[in-house]
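Quick note on this note's numbering: the sequence shown kicks off at 1 and runs consecutively. Structure first, commentary second.
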Amino acid sequence: MQVIKGFEKYPSFSSESILAIGNFDGIHLGHQKILQLLEEKAKNHALPSLVLTFSPHPEKILGEKIIKMIQTLDQRVREVKKFGIKAVLIVPFDEKFSSLPGQDFIQKIVVNILKAKVVIVGENFRFGKNREGDISLLQQSASRFNFQVYSIPPVVKDRMTVSSSLIRSSLQDGKIELANDLLGRLYEIEGKVIKGKSRGKALGFPTANIETENEIIPPGVFITTAWIDSKSFPSLTNVGNRPTFNQQETIIESYIINLNKNLYGEKIRVNFIKKI
Numbered sequence: 001m002q003v004i005k006g007f008e009k010y011p012s013f014s015s016e017s018i019l020a021i022g023n024f025d026g027i028h029l030g031h032q033k034i035l036q037l038l039e040e041k042a043k044n045h046a047l048p049s050l051v052l053t054f055s056p057h058p059e060k061i062l063g064e065k066i067i068k069m070i071q072t073l074d075q076r077v078r079e080v081k082k083f084g085i086k087a088v089l090i091v092p093f094d095e096k097f098s099s100l101p102g103q104d105f106i107q108k109i110v111v112n113i114l115k116a117k118v119v120i121v122g123e124n125f126r127f128g129k130n131r132e133g134d135i136s137l138l139q140q141s142a143s144r145f146n147f148q149v150y151s152i153p154p155v156v157k158d159r160m161t162v163s164s165s166l167i168r169s170s171l172q173d174g175k176i177e178l179a180n181d182l183l184g185r186l187y188e189i190e191g192k193v194i195k196g197k198s199r200g201k202a203l204g205f206p207t208a209n210i211e212t213e214n215e216i217i218p219p220g221v222f223i224t225t226a227w228i229d230s231k232s233f234p235s236l237t238n239v240g241n242r243p244t245f246n247q248q249e250t251i252i253e254s255y256i257i258n259l260n261k262n263l264y265g266e267k268i269r270v271n272f273i274k275k276i
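Structure below.
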């Protein structure tokens, strides 16, 4: 899968495309439905599938409250790749980009640059200056510029509407099993093992103190799976806070079973299964 950062790096000679647009934070069940349809339409039209996404998240620039992401950008890209998508275009989101009128977004980007023949978005997708662009504007432009629009309604699971915001709040409350159900897979963080207090040695198995760029670390003690060097190990992970310099530092410790090695400096992924 090709990863393109910025419109200036998007090949001007590119063919027409089948396009999905969204933030896609978490690649939850609703996002998966969009990506599955994207790949289906790409095969039907014999055209490349393209995901247009944004970094940072628009809410980090325009929002009134602080938003924490479910995934790092690298995790989001890797998850998209699993659906067989041909390319991901990552657009740097800033105030200048946010001031682009909705109609200009369609004509200059969707039509002129990306040459989209099909556009797939979530039902609540908004775009353009002051979020003026919506499904209605896309549909009005579709006949004029000769592309099709597919609007995907939210997925409802166990009477709950699947959304990134619900998953964020579930994770922050430590409700890992609910978050996993909405994601359609186990929640994962990744990072590097740093030096800790080596408390696990007294218990007879290594402790991985993890430094991560993931923004949401569910609090509590969890049954987890640790991945090191592409191998999986059963583990217990404790997430807590330690006061430091007038703020709270999050401490992540994974106690890894059936592994006897020094883990300092190793890359690690941790899948959260169940809260104890």
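We put the CB at the ideal spot given by N, CA and C, even for glycine.
Please check the pair residue i and residue j, which I expect to be a contact at CB under 8 Å, by giving their CB distance rounded to whole angstroms.
i	j	result
S136	G26	Incorrect: roughly 26 Å between the Cβ atoms, too far for contact.
S98	P56	In fact, because the Cβ distance is near 11 Å, the residues do not count as touching under 8 Å.
T250	S235	In fact, because the Cβ distance is near 18 Å, the residues do not count as touching under 8 Å.
I90	K5	5 Å
V149	V111	Actually they are not in contact, since the Cβ atoms of V149 and V111 sit about 12 Å apart, beyond 8 Å.
V88	V121	The pair is not a contact, with the Cβ atoms about 16 Å apart (cut-off 8 Å).
E253	N238	5 Å
Which value, in whole angstroms, describes the spacing of the CA atoms of residue i and residue j?
i	j	result
L138	F233	48 Å
Q36	F83	7 Å
T212	K231	19 Å
N44	E16	13 Å
M160	S12	42 Å
E8	S14	13 Å
P153	E64	26 Å
T72	N23	12 Å
N260	G196	17 Å
G184	F145	36 Å
R78	H31	14 Å
Q172	I217	7 Å
S143	Q107	12 Å
K175	S169	9 Å
E40	A116	15 Å
V155	I18	22 Å
I256	W227	10 Å
Q140	R131	16 Å
P219	D229	26 Å
I113	Q248	45 Å
N124	G265	42 Å
V3	N258	37 Å
F333	R76	The chain is shown from 1 up to 276; residue 333 falls before or after that span and cannot be answered.
D74	I109	24 Å
S151	E177	29 Å
A46	T53	22 Å
Given residue i, which residues of its chain have a CB within under 7 Å of its CB, disregarding the five upstream and five downstream residues?
i	result
F127	G102, F105 and G133
I67	H57, E59 and K60
E215	K68 and M69
I280	This structure cannot speak to residue 280, because the chain is shown only from 1 to 276.
E95	I61
P92	G6 and S55
A179	I167, S170, L171 and Y187
Y10	I4, L89 and I113
Please work out which residues of its chain come closer than 6 Å, Cβ to Cβ, to residue i, disregarding the five sequence neighbours upstream and downstream, and give them in chain order.
i	result
L263	V193, P206 and A208
K81	M1
L182	H28, V162 and I167
A20	I34, L38, V51 and I120
I223	I273 and K274
P48	S17 and K86
A42	I18 and S49
Sorry if obvious, but does the Cβ on residue i come closer than 6 Å to a heavy atom of the ligand PLP?
i	result
S136	Although the ligand PLP was asked about, the structure shown includes no ligands whatsoever.
Taking 8 Å as the limit between beta carbons, can you name the residues of its chain near residue i, skipping five residues before and five after?
i	result
D158	D181
K129	S98, S99, L100, P101 and G102
I210	I189, G191, K192, V193, I194, I252, E253, S254, I268 and V270
- Message: So within the stretch 188-274, which uninterrupted beta strand (DSSP E) runs reach at least 3 residues, ignoring any that extend past its ends?
- Response: Secondary structure within the stretch 188-274: the beta strand (DSSP E) runs of 3 or more consecutive residues, fully enclosed, are 207-212, 220-228, 231-244 and 247-256 (chain order).
- Message: Taking contact to mean 3 or more Cβ pairs, one atom from each stretch, closer than 8 Å, check whether the stretch 180-198 and the stretch 262-270 are in contact.
- Response: Verdict: yes, contact present.
- Item | Contained alpha helix (DSSP H) runs [length at least 4] in the stretch 55-137, N- to C-terminal order | Counting only runs of 4 or more, we get 58-62, 73-81 and 95-98.
- Task: For the stretch 2-57, list the alpha helix (DSSP H) runs that are entirely contained and at least 4 residues long, ordered along the chain.
- Result: Within the stretch 2-57, the alpha helix (DSSP H) runs of at least 4 residues that lie entirely inside it are, in chain order, 29-45.
- Message: As an exercise, report each continuous alpha helix (DSSP H) stretch of at least 4 residues that is fully enclosed by the stretch 147-195, in chain order.
- Response: Counting only runs of 4 or more residues that sit fully inside the stretch 147-195, the alpha helix (DSSP H) segments are 164-172 and 176-183, in chain order.
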